[in-house]
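Going by this note's numbering, the first residue of the sequence shown is number 53, and it counts up by one from there.
Every residue, glycine too, gets a C-beta built ideally from N, C-alpha and C.
Note that the structure is predicted; figures quoted are calculated from it, not measured.
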Amino acid sequence: MNKKEIEKILEQFKSGQIELKEVLEKLKHFPYDDLGFAKIDNQRQLRKGFPEVIFCQGKTLEQITKIAKRINETRGKIVATRATPKVYQEIKKIIPEVTFFKEARIVAIEEKKNVSSKFILVVSGGTADIPVAEEAAVIAELMGNRVERLYDVGVAGLHRLLTNSKKLLAANVLIVVAGWGG
């Protein structure tokens, strides 16, 4: 739940559109939802500006879908990382509007946001680093940032990196992923 959602509920109550009982029902899962096996942080958006992300790795398919369903019911925006095609298929059954970013391994409901004129440059050392780089790039885009990518610039071959020095210097933020290639 974010600040605007809370304000909307309170304004609806103030104007008589909803009763106190409905306000309490909407706010009862604040600050978190306890599913028994997971506690969903409903205040994360309010505190950090971005909702809690479902980290799929290590969770069962049943756990992932229950978490996704509950998050969708309470706030309508889900982001699931380290997702497999099977996870995507199962989430899509209950939330048809999700998108699968295959290379990034992310399942999300995309929201169009105002994109800044500034940009984040995501750089990968090698091709084996691209999935992690894509994960960072897609999350940054879901947060409303303009993202450019510069992949397989090499670590051992500094010349491949230096030929992109203008782009590297122009970026407002650099996210560099390197290390999988040895």
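Asked                                                                                                                                    : Found
Please confirm whether K121 and I158 have their CB atoms less than 8 Å apart.                                                            : no
According to DSSP, is V235 helix, strand or coil?                                                                                        : Here the chain has residues from 53 to 234 only, and residue 235 is not among them.
Which one of F82, E163 and V229 has the shortest CA to CA distance from K91?                                                             : F82
Which whole runs of the beta strand (DSSP E) in the stretch 159-231 are 3 residues long or more, in chain order?                         : 171-176, 198-202 and 225-229
Whose C-beta lies closer than 6 Å to the C-beta of V225 among residues of the same chain, with five residues either side of it excluded? : I172
Mind checking which residues open and close the alpha helix (DSSP H) that includes T126?                                                 : L113 to T126
In this structure, how does DSSP classify V131 when only helix, strand and coil are distinguished?                                       : strand
Applying the 10 Å Cβ sphere with the 16-neighbour rule, what's the burial state of V175?                                                 : buried
Going straight from the alpha carbon of L213 to that of A189, what length do you get?                                                    : 19 Å
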